[in-house]
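Quick note, the numbering used here runs 38 ahead of the 1-based positions in the sequence shown.
Just so it is clear, CB atoms sit at the ideal spot from N, CA and C, and this is done for glycine as well.
All of these numbers come straight from a predicted model, not from anything done at the bench.
Right, one structure below, let's go through it.
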Amino acid sequence: MPLKPHVLAIAFALAVPAIAQPTDPADNPDCKAEEAAIERNIELARSKGQMLRRQQLAEALAALQARCRTLDPAQTRAARIEALEQVIRDLRQELNRAEEQLRNLKN
39 MPLKPHVLAI
49 AFALAVPAIA
59 QPTDPADNPD
69 CKAEEAAIER
79 NIELARSKGQ
89 MLRRQQLAEA
99 LAALQARCRT
109 LDPAQTRAAR
119 IEALEQVIRD
129 LRQELNRAEE
139 QLRNLKN
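Here is the structure:
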């Protein structure tokens, strides 16, 4: 029984990302370089109090890491939880700094 074209297309679509993406970011220097650049920009945005920019960069970093790594579902879930917890910690720190600045301005 020959395979139908749509079955072959689905199989190919599922196989290509596994072949094209390295499982270890160390295998792809472009991923490491982009990741480092985004992390520097996150720190710069954080130092300037640019909460929205930092959040956008954190999302871009997460997307980059997802493209550069192939993780099993348990690791992906754990990584997402850790990333969200880090975002929450960062936002709380920025909120505390903003509240402190507000208190200083009011005094």
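Item to check | Helix, strand or coil at N145 according to DSSP, with G and I counted as helix | outcome: Locating residue 145 in the sequence shown gives position 107, where the first residue counts as 1. When DSSP states are grouped into helix, strand and coil, N145 belongs to the coil group.
Checklist entry - If you draw a straight line from the C-alpha of R118 to the C-alpha of A75, how long is it? => result Position 80 of the sequence shown, counted from the start, is the residue given in the question as residue 118. Position 37 of the sequence shown, counted from the start, is the residue given in the question as residue 75. So the alpha carbons of these two residues sit roughly 21 Å apart.
Checklist entry - Heavy atom of the ligand FMN less than 7 Å from the Cβ of K86, yes or no? => result Here there are no bound small molecules, and the ligand FMN is not part of this structure.
Next on the checklist: So C69 and L102 are supposed to be a Cβ contact under 8 Å. How far apart are they, rounded?
Outcome noted: Counted from its first residue, the sequence shown places residue 69 at position 31. Counted from its first residue, the sequence shown places residue 102 at position 64. Contact between C69 and L102 holds: CB atoms are separated by about 7 Å, below the 8 Å threshold.
Next on the checklist: Using 8 Å as the threshold, is the C-beta distance between A83 and R92 below it?
Outcome noted: Sequence index remark: in the sequence shown, residue 83 carries index 45 (1-based). Sequence index remark: in the sequence shown, residue 92 carries index 54 (1-based). Their beta carbons are under 8 Å apart, which means A83 touches R92 by this criterion.
Checklist entry - Which whole-angstrom value is the C-beta distance of E132 and M89, which I expect to be below 8 Å? => result Translated into the one-based positions of the sequence shown, residue 132 becomes position 94. Translated into the one-based positions of the sequence shown, residue 89 becomes position 51. With a Cβ gap of about 5 Å, E132 and M89 count as contacting.
Next on the checklist: Taking the alpha-carbon of E97 as reference, which of S85, E73, G87, A116 has the nearest alpha-carbon?
Outcome noted: Taking the sequence shown and counting its residues from 1, one reaches residue 97 at position 59. It is E73.
Next on the checklist: Ignoring anything shorter than 4 residues, give me the alpha helix (DSSP H) runs that lie fully in the stretch 76–101, in order along the chain.
Outcome noted: none
Item to check | L122 to N142 span [Cα, whole Å] | outcome: Counting from one through the sequence shown, the residue named residue 122 turns up at place 84. Counting from one through the sequence shown, the residue named residue 142 turns up at place 104. Each residue's alpha carbon lies about 30 Å from the other.
Checklist entry - Mind checking L95: buried by the 16 CB within 10 Å criterion, or exposed? => result Residue numbering aside, residue 95 sits at position 57 when the sequence shown is read from its first letter. By the 10 Å Cβ count, L95 comes out buried.
Next on the checklist: Could you compute how far the alpha carbon of E120 sits from the alpha carbon of I126?
Outcome noted: Taking the sequence shown and counting its residues from 1, the one referred to as residue 120 is at position 82. Taking the sequence shown and counting its residues from 1, the one referred to as residue 126 is at position 88. Cα to Cα, E120 sits roughly 10 Å from I126.
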